[in-house]
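Written out below as structure tokens is the structure these notes cover.
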Amino acid sequence: MRPEFPLEEGTRAQPPAPWRAFAVPLAFLAPAIFFLGVWLLYPTVRTAIRSLYNDRGDTFVGIDNYRRLFNEDVIFTAIKNNFLWVLIVPALVTSIGLLFAVLTERVRWAVAFKIAVFMPLAISLFAVGVIWRLMYQQSPERGAINAAIVAVQGVFSEQGAFTQAQPSSDQLEGRSPRAIVLAEPVQPGDTALLGLTGVRASEIPEGTPDAARPEPLQGGISGVVWRDFSPGGGTPGEVESGETALPGVTIELRSADTGRTVSRTTSGDDGTFAFEDVDPGSYRVAVGPTTFAAPFRGFNWLGESLITPAIMFAYIWVTAGFAMVIIAAGLAAIPRDVMEAARTDGASEWQVFRRVTVPLLAPVLTVVFVTQIIGVLKVFDLVLAIAPGSARDNATLLAFEMWRKAFSGQLQFGLGSAIATFLLLLFIPFLIANIRRFRTEAR
Amino acid sequence: MAEVALERARHEPVVIEEGWAPKIVRFAGKLPVHLILALIGLFWLVPTAGLFVTSILAPADQSAGGWWNFAIKPHAWTFENYRSMFDNEGITHALVVTAQITLGATILPILVASLAAYALAWIEFPGRDWAFLIVIALLLVPIQMALIPMFSLYNTSGLFDTIPGLILFHSAFALPFAIFLLRNFFAGIPRDLMEAARIDGASELRLFFKVILPLGLPAIASLAIFQVLFVWNDLLIGLVLTQNNQPIAPHLAAQLRQFGSNLNVLAPASFFSAVIPLTIFAAFQRYFVQGLLAGSVK
Amino acid sequence: MRKHRWYLLFALVLVLSAVAAGCGGDDEEGGADTETGGGEAVSGSINVLAVWTGAEGEAFQAVLDGFTEQNAGVNVSYQGAQDPGQVLSTAVEGGNPPDIAALPSPGLMRDFADRGALQPIDFARDAIADNFAESWLDLGTVDGTLYGMFFKGANKSTVWYNVRAFEDAGVEPPEDWEGFLENASTLQSSGVPAYSVGASDGWTLTDWFENVYLRMAGPEKYDQLTNHEIPWTDQSVKDALTELAKVFSDTQNVAGGTSGALQTDFPTSVTQVFADPPKAAQVYEGDFVGGVITAETNAEPQTDFNVYDFPQINDSGPMVVGGGDVVVMFKDSPAARALIQYLATPEAAEIWAERGGFSSPNRNVDDGVYPDDITRQTATALAQAEVFRFDLSDLTPSAFGGDAMFSILQDWFRNPNDVDGAAQKLEDAAARAYG
Chain F
1 MRPEFPLEEG
11 TRAQPPAPWR
21 AFAVPLAFLA
31 PAIFFLGVWL
41 LYPTVRTAIR
51 SLYNDRGDTF
61 VGIDNYRRLF
71 NEDVIFTAIK
81 NNFLWVLIVP
91 ALVTSIGLLF
101 AVLTERVRWA
111 VAFKIAVFMP
121 LAISLFAVGV
131 IWRLMYQQSP
141 ERGAINAAIV
151 AVQGVFSEQG
161 AFTQAQPSSD
171 QLEGRSPRAI
181 VLAEPVQPGD
191 TALLGLTGVR
201 ASEIPEGTPD
211 AARPEPLQGG
221 ISGVVWRDFS
231 PGGGTPGEVE
241 SGETALPGVT
251 IELRSADTGR
261 TVSRTTSGDD
271 GTFAFEDVDP
281 GSYRVAVGPT
291 TFAAPFRGFN
301 WLGESLITPA
311 IMFAYIWVTA
321 GFAMVIIAAG
331 LAAIPRDVME
341 AARTDGASEW
351 QVFRRVTVPL
361 LAPVLTVVFV
371 TQIIGVLKVF
381 DLVLAIAPGS
391 ARDNATLLAF
401 EMWRKAFSGQ
411 LQFGLGSAIA
421 TFLLLLFIPF
431 LIANIRRFRT
441 EAR
Chain P
1001 MAEVALERAR
1011 HEPVVIEEGW
1021 APKIVRFAGK
1031 LPVHLILALI
1041 GLFWLVPTAG
1051 LFVTSILAPA
1061 DQSAGGWWNF
1071 AIKPHAWTFE
1081 NYRSMFDNEG
1091 ITHALVVTAQ
1101 ITLGATILPI
1111 LVASLAAYAL
1121 AWIEFPGRDW
1131 AFLIVIALLL
1141 VPIQMALIPM
1151 FSLYNTSGLF
1161 DTIPGLILFH
1171 SAFALPFAIF
1181 LLRNFFAGIP
1191 RDLMEAARID
1201 GASELRLFFK
1211 VILPLGLPAI
1221 ASLAIFQVLF
1231 VWNDLLIGLV
1241 LTQNNQPIAP
1251 HLAAQLRQFG
1261 SNLNVLAPAS
1271 FFSAVIPLTI
1281 FAAFQRYFVQ
1291 GLLAGSVK
Chain U
2001 MRKHRWYLLF
2011 ALVLVLSAVA
2021 AGCGGDDEEG
2031 GADTETGGGE
2041 AVSGSINVLA
2051 VWTGAEGEAF
2061 QAVLDGFTEQ
2071 NAGVNVSYQG
2081 AQDPGQVLST
2091 AVEGGNPPDI
2101 AALPSPGLMR
2111 DFADRGALQP
2121 IDFARDAIAD
2131 NFAESWLDLG
2141 TVDGTLYGMF
2151 FKGANKSTVW
2161 YNVRAFEDAG
2171 VEPPEDWEGF
2181 LENASTLQSS
2191 GVPAYSVGAS
2201 DGWTLTDWFE
2211 NVYLRMAGPE
2221 KYDQLTNHEI
2231 PWTDQSVKDA
2241 LTELAKVFSD
2251 TQNVAGGTSG
2261 ALQTDFPTSV
2271 TQVFADPPKA
2281 AQVYEGDFVG
2291 GVITAETNAE
2301 PQTDFNVYDF
2311 PQINDSGPMV
2321 VGGGDVVVMF
2331 KDSPAARALI
2341 QYLATPEAAE
2351 IWAERGGFSS
2361 PNRNVDDGVY
2371 PDDITRQTAT
2381 ALAQAEVFRF
2391 DLSDLTPSAF
2401 GGDAMFSILQ
2411 DWFRNPNDVD
2421 GAAQKLEDAA
2431 ARAYG
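If you read the sequences in order, they're chains F, P and U. Under our numbering, think of the first position of the first sequence as 1, with each following residue one higher. Under our numbering, think of the first position of the second sequence as 1001, with each following residue one higher. Under our numbering, think of the first position of the third sequence as 2001, with each following residue one higher.
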């Protein structure tokens, strides 16, 4: 696998003087030793020790801090989330990278595509967080994702006239968004007064007159819908001067016995409505639920339940380009003739992909996969930038929690050290694998 | 593995010339693929475009409605946010600090790492393999592991909130990867070249400067790009080790609490802070990809 | 590591000798101290570090300029830091703290006092007692020693409302909690949700709770709860949560509903009340809301926005929950003492008060200097309050009051009827944080 870089190289022409055998390499290595010693080795040992002391650092507490990792809800959530991330994200990133690499393999303008997908990798994860926080805003007026979802949804559903309206008194039963029904049954010749509140003056069309009590209708049922509110509240259930009519409200006439809707109308510009030539009997008048149909407002991406998938997606958006480029390079290295041979043997493209390409790519896919596991364990910036304060506890990851406990004003150094050490422990398997790989390659 | 890929990336795929007709036929056959790719590519660009459009809207427009409503309304665009960004002393200071750190924390670790990498690749000494194993092990030490002790050490030594402090920290954490990459690259330099120079009686230092560094330039370039992006984009280290001399990302992080009402500051500054690495990425894309391929072990 | 310890030891010796020197000097300078702001010529140079940056930093610089005008021999250099706690805690470790600092919470002051990093300011006790209500003096005291003087205060018992929305609904600022709840229902009937809550910032929820708790349980219980002498599962806590749930469980009446409020940050919770059309009629928070309104909206005082005091509950009488920045002394010197004396005077506070965006806890500040009626109202309520209590969450360990309490109350905000569950979680977190 390493054609060009032999490891057994560089033997010296003449054996050096004994003191020089150390002095010269030491001179070259000294600066690195200084940096690695002071900034990596010392703090690693120090943090491991510190994790056994309390937050102030003056009392030895044994493994208490590690117990807290599992006893404190938020930290335990971070552990669970890290687990979820490791389970889901590397596999997804690798598959998407593979998909992109294969799709672009023989497309002439692949470079443009690759640049587009690759570009996020150059942007700071913090800026990525800002970008996606903007995309995820809940209000469809601000968040592009919900705007797109709502636009698609809006094609299929309609918005009611007064989405926030509620009954003004107990003469009416029910609450929006379900139907609001007049409590007392009515007979032909009666009038129905449907007073609603929770309607903004500005929601009512300009020029709508004040409501007036409707005239009874011979053999029919007449009524009025109005905004049963005047400053201070007014008397609920009574049509008073200054209370505006509500036009465009769906009114249903329901049979008092079966509850079935027998007729439907819409209130006029003056808020009145009339059902003419109604059969004798008992009826109930209702404001139909279509009046209150609120438009779908999209998903709560930044809320407690969707925040983790939302951050994962932003992360995938960043790293898919990385996976794609590595896998594409691996793909280019596969000998063409193997695939051609399979094709001539009558294998379908899928079979070639499944039986030839993927197995040959296995080492590259492993590298991408493992790199992603390591990357996922380090995610910090995205949690900070995307999750609003109220969702941080749900979005949190160990790398983030370490910072939060130790530095965001809390200075819980014992606990922070324990989280950091725990994180290091998670890396140990990869560390061993790395060393193993190096040693086998060296042999 | 990594080196194979690195090698491959240097050879562009060979394009075979052919006639028009088969090209068109093939294109039509792959139309769905083209379409899917175009859609995905577009989807990948939209979020960044959204930040940019938001950044060139007046605050009133930002809160009035979605940026997509203004994407094709050039008359609503204004660079006022950017102007006030450059008048904002906090942000300009943060940008200057970031630039200084990036410069320092790119040059220093490359220098230190190439010295060490040379020793590990070409000078024989007892325990050499062990030394390299330690470097590989250190590759995986998470930054979190160093934060608390270094925070205390920085405070007692006066490095806290200083530019040298940040440069040193970044340099140290860049070293394991830099040494790893450069050592492998240096080791690939043909032995005859080194032997010839040694027979000419060149000292190790001379060898290092006259042979290794010039030949190692491609790897050094990759490393430099990488390091520039990493340091420029860092949030965590700056957040912990600075207070008044914050680099740009930590400086902006303080604005996040008021995401809803601070977009006129946050959007242009975030976008501008992304423009620098993007430019570097665009200009040196080849080295970047190479570095990435070689670095996929990190 | 060992070297590091030596440093500390060395620093400790230095600090101790400085303390000793400071104590020694105490008696001799006692006479000079009584002459506040007077002609006693002090000299030297002192460093001041405080939370105030930006416009606030400039205002404080003007206050310091007032000091150097009187004391030409003193050179004061000021540094603003957004999070002085972090800078200071390590500057202290390193043995080079500033002479004087303003801390954002008394909890931080207590931390430093416990570490022995602060110098007592008992020399200024008389001046402070003359100018401040006793509760401020108590707040500046740790274990019987006076360490802190509150230069800047914040009144967190104010409700800001959209005047037009109130007029449309025909409601007036309420007299008490019942009136407050009635208003809310009337406002909703008029078509505008009554409450805007910036629940994305957990501290807005703690402030709500503190106001209700102080009024229902009284100041003694409030103090006990602050010190965790009674558990959070105490009936008084549950009662306050139950009362507050009357607001938060009225989700139709909260702008954006529960999930919308949880994504609303504090500034947005303010601006949306003064948007057109308003998304809510009123927002409860501290006096700093006024600054947000003027900076971020076009609303005019009195005609568009106004303020009333957080309503009393069960005839509790006027009470104020608030915050403040406390000035402490890290290094003793005649110049530092003179500056503390100076900052305790009404004249020093008036310099900033005139510039706006400032409430002084100093009760002798001439309220005529406040730039407008609204600031005057909130600042006077703060300085003259019969019962003042500091923001409880700022007095508890930061792992609790600055973190766990936020998220537990946010959780509870999602389901306000689970009072027992919330109280239990608060108690668990408090038990851990108080250790």
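Backbone N, C-alpha and C define an ideal beta-carbon position, used for all residues, glycine too. Keep in mind it's a predicted model, so treat the numbers as computed, not measured.
query                                                                                                                              : result
Those residues which DSSP pairs with L167/F across a bridge                                                                        : One point to set straight first is that residue 167/F is Pro, not Leu, in the sequence displayed. DSSP lists L196/F as partners of P167/F.
Classification of Q2282/U by the beta-carbon crowding that lies within 10 angstroms, buried from 16 upward                         : buried
C-beta neighbour in chain F for G2095/U, strict 7 Å                                                                                : no
Collapsed DSSP secondary structure at F1284/P in the structure displayed                                                           : coil
Own chain partners of Q164/F with C-beta closer than 6 Å, once the 5 adjacent residues on each side are dropped                    : G198
Unbroken stretches of the alpha helix (DSSP H), 4 residues or longer, contained in the region 2133 to 2200 of chain U              : 2134 to 2139, 2163 to 2169, 2177 to 2189
Of the listed residues R437/F, T308/F, A183/F, R439/F, nearest to L379/F (C-alpha basis)                                           : Note that residue 379/F is Val in the sequence shown, not Leu. Comparing Cα positions, the closest option is T308/F.
CB contact check: L1051/P to chain F, cutoff 7 Å                                                                                   : yes
Inter-residue CB distance, G129/F and Q137/F (contact presumed, cutoff 8 Å)                                                        : Contact flag wrong, Cβ pair sits at about 13 Å.
Contact with chain F by P2277/U, beta-carbon distance below 7 Å                                                                    : yes
Chain-order list of residues whose beta-carbon lies under 7 Å from that of R1128/P (same chain, five-residue window excluded)      : L1120
Range of the contiguous alpha helix (DSSP H) that encloses Q2341/U                                                                 : 2334 to 2343
CA-to-CA distance, L2064/U to V2048/U, given in whole angstroms                                                                    : 10 Å
Through-space distance from L1095/P to R355/F, alpha-carbon basis                                                                  : 51 Å
Neighbourhood of A2335/U by C-beta distance below 6 Å, restricted to the same chain and skipping five residues each side           : V2042, G2044, I2046, V2074
Delimiting residues of the beta strand (DSSP E) encompassing I2121/U                                                               : Element bounds for I2121/U: n/a, residue is neither H nor E.
From T77/F, I374/F, A320/F, residue whose alpha carbon lies closest to that of A116/F                                              : A320/F
Under 7 Å from the C-beta of V2087/U: neighbouring residues of chain P                                                             : Q1243
Through-space distance from L194/F to E2386/U, alpha-carbon basis                                                                  : 50 Å
C-alpha gap between A245/F and I145/F, whole angstroms                                                                             : 38 Å
Interface flag, G2025/U vs chain F, CB-CB below 7 Å                                                                                : For G2025/U, the predicted structure reports a pLDDT of 38, less than 50, and the residue's modelled location is therefore unreliable. A value from the coordinates is still provided. False, the Cβ-Cβ gap to chain F never drops below 7 Å.
P2120/U burial status per 10 Å Cβ neighbour count (16 or more: buried)                                                             : buried
Contact with chain F by F1209/P, beta-carbon distance below 7 Å                                                                    : no
Below-7 Å beta-carbon distance, L302/F vs any chain U residue                                                                      : yes
Cut-off 7 Å between Cβ atoms - residues of its own chain near R178/F, not counting five sequence neighbours on either side         : P289
Opposing strand residues paired with Y1154/P [DSSP bridges]                                                                        : In the DSSP output, where bridge partners are listed per residue, Y1154/P has none listed.
Given I1072/P as reference, the closest of V1033/P, L1241/P, E1204/P, L1057/P once Cα atoms are compared                           : L1057/P
Near-chain F residues of the region 1112 to 1129 of chain P (beta-carbon distance less than 9 Å), N- to C-terminal order           : V1112, A1113, L1115, A1116, A1117, Y1118, A1119, L1120, A1121, W1122, I1123, E1124, F1125, P1126, R1128, D1129
Residue span of the beta strand (DSSP E) that contains S2077/U, given as start and end                                             : 2074 to 2080
The region 2222 to 2242 of chain U touching the region 2394 to 2412 of chain U, judged by at least three CB pairs closer than 8 Å  : yes
Pairwise C-alpha distance: R2337/U and Q1176/P                                                                                     : The residue you asked about is not Gln; residue 1176/P is Pro in the sequence shown. Distance between the alpha carbons of P1176/P and R2337/U: 52 Å.
Touching by the beta-carbon criterion (3+ pairs, under 8 Å), the region 366 to 384 of chain F and the region 340 to 358 of chain F : no
Local conformation of D2418/U per DSSP, three classes                                                                              : coil
Per-residue burial, V152/F [other beta carbons within 10 Å of its own, 16 or more giving buried]                                   : exposed
Rounded Cβ spacing between I1237/P and I1136/P (contact assumed at less than 8 Å)                                                  : That pair is no contact at about 22 Å.
Nearest candidate by alpha-carbon position, reference R2164/U, set A2433/U, F2067/U, R2376/U, A2299/U                              : A2299/U
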